[in-house]
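Residue numbers (our numbering): 12 to 215.
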């Protein structure tokens with residue numbers, strides 16, 4: 012296993028630990044004595060996981076450790092980190108302790124289900140599905156991470172930054188949909204059935 016993939020796996024392991032301490036933070040608020048140690052611990056784990064995304068990418072590029080496994084694990088870790096942190100920040104035990112709007116979590120969930128469903132459909136229609144992130148997708152991840160970090164830091168503009176992230180989430184979804192549609196059309200036009208039909212048509 013490459014060092015880049017090991018860093019990605021370490022990021023995955025940070026996610027359940029972050030969820031536990033953030034839930035404990037919400038529980039402490041419910042009990043009337045918010046324990047900021049849990050919030051700071053959750054923030055530290057989130058930042059460590061988010062920064063490791065840049066680290067494993069640098070290692071993979073610098074030491075030429077790009078792999079098919081890494082191309083799958085890296086976006087999976089990003090999605091899980093974002094979803095779990097948003098789940099904690101929108102559904103904490105105390106209603107007063109949820110600093111982010113619930114609609115943002117719903118938007119991220121719908122987007123991920125849509126994209127994963129599209130990838131699965133393309134996989135069954137076409138054996139090789141290229142995995143190439145677009146800059147709009149990277150921007151969506153970046154601003155979503157900024158939103159979570161701002162919420163954990165209790166910054167007043169955390170909820171407003173959801174709208175910036177939402178714009179890039181929608182833009183990237185539209186781009187990936189167009190790319191998937193193009194791949195699907197190409198796979199259909201290159202299929203043996205399509206080739207045989209064009210061959211028979213030329214004989215006529």
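Idealized CB from N, CA, C, for every residue including glycine. Bear in mind that the values here come from a model prediction, so they are computed numbers and not experimental data.
Rounded C-alpha distance that separates residue i from residue j
{"i": "residue 92", "j": "residue 162", "result": "15 Å"}
{"i": "residue 12", "j": "residue 160", "result": "31 Å"}
{"i": "residue 54", "j": "residue 62", "result": "12 Å"}
{"i": "residue 192", "j": "residue 101", "result": "33 Å"}
{"i": "residue 153", "j": "residue 45", "result": "29 Å"}
{"i": "residue 64", "j": "residue 167", "result": "26 Å"}
{"i": "residue 16", "j": "residue 82", "result": "9 Å"}
{"i": "residue 84", "j": "residue 47", "result": "32 Å"}
{"i": "residue 114", "j": "residue 169", "result": "14 Å"}
{"i": "residue 128", "j": "residue 120", "result": "12 Å"}
{"i": "residue 33", "j": "residue 24", "result": "15 Å"}
{"i": "residue 164", "j": "residue 58", "result": "11 Å"}
{"i": "residue 206", "j": "residue 22", "result": "Residue confidence is low: residue 206 scores 48 on pLDDT, short of 50, so the model does not pin down where it sits. No coordinate-derived value is stated."}
{"i": "residue 130", "j": "residue 90", "result": "15 Å"}
{"i": "residue 77", "j": "residue 39", "result": "43 Å"}
{"i": "residue 35", "j": "residue 156", "result": "21 Å"}
CB of residue i within 7 Å of CB of residue j, strictly
{"i": "residue 158", "j": "residue 171", "result": "no"}
{"i": "residue 200", "j": "residue 136", "result": "no"}
{"i": "residue 14", "j": "residue 51", "result": "no"}
{"i": "residue 56", "j": "residue 28", "result": "yes"}
{"i": "residue 43", "j": "residue 103", "result": "no"}
{"i": "residue 184", "j": "residue 122", "result": "yes"}
{"i": "residue 151", "j": "residue 180", "result": "yes"}
{"i": "residue 97", "j": "residue 116", "result": "yes"}
{"i": "residue 147", "j": "residue 182", "result": "yes"}
Integer Cβ distance of residue i from residue j, believed to fall under 8 Å
{"i": "residue 187", "j": "residue 145", "result": "7 Å"}
{"i": "residue 95", "j": "residue 26", "result": "5 Å"}
{"i": "residue 80", "j": "residue 173", "result": "About 32 Å separates the two Cβ atoms, so there is no contact after all."}
{"i": "residue 66", "j": "residue 133", "result": "That pair is no contact at about 30 Å."}
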